[in-house]
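Below is one structure, written out as structure tokens, with a few remarks after it.
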Amino acid sequence: MKDKHDDMVNSIRRSPHRVGIENHVASTGEVIFWRGGSYATSPDSLIFTRDRRVFVVEYKAHDKKRSKDRMQLRRHMKHTQDLFKYFEISGLYIHGSKLNNLEVEEI
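Numbering (the working numbering), first residue to last: 6 to 112.
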């Protein structure tokens, strides 16, 4: 299951226009944030745009734990904002099992 998840996240970060992100200049794989020497959180990807915006991506193949997943995304966004203070931070909650049929919610 992890391999399919990773494949989908890699497809999203390599083609961010598929989820509505234009003017992208860089993207990451999974990022691990640390705070005070302890693990804090790890979003699936960060996608940077020319207009100083960072999209924090959380992808789920199935939309079963929607409220928990959104809380997780908000935690990712807070840690991203702490590091990138001069960027606008947006969250993308993406779910679906096929790249051409993803549901994208901006938070």
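Virtual Cβ for every residue (Gly too), placed ideally from N, Cα, C.
DSSP three-state assignment for residue i, whether helix, strand or coil
i: Val36; result: coil
i: His10; result: helix
i: Ser16; result: helix
i: Leu51; result: strand
i: His22; result: helix
i: Leu107; result: coil
i: Tyr91; result: coil
i: Ala66; result: coil
Beta-carbon contacts of residue i that lie in its chain and below 7 Å, excluding the five residues immediately before and after
i: Asp49; result: Val14, Glu35, Val62, Glu63, Tyr64
First and last residue of the uninterrupted beta strand (DSSP E) at residue i
i: Lys73; result: Lys73 -> not in any beta strand (DSSP E); alpha helix (DSSP H) instead, spanning 71-88.
Rounded distance between the beta-carbons of residue j and residue i, thought under 8 Å
i: Glu108; j: Leu97; result: Contact doesn't hold; Cβ gap of about 11 Å is too wide.
i: Arg58; j: Glu93; result: 5 Å
i: His10; j: Thr46; result: Not a contact, Cβ separation roughly 17 Å.
i: Leu104; j: Ser16; result: 5 Å
Own chain residues within Cβ distance below 8 Å of residue i, not counting five before or after
i: Arg79; result: Gly96, Ile112
i: His67; result: His100, Ser102
i: Leu51; result: Ser32, Thr33, Val36, Val59, Phe60, Val61, Val62, Thr85
Other residues of its chain near residue i: CB distance less than 6 Å, five sequence neighbours each side excluded
i: Arg55; result: Asn28, Val30
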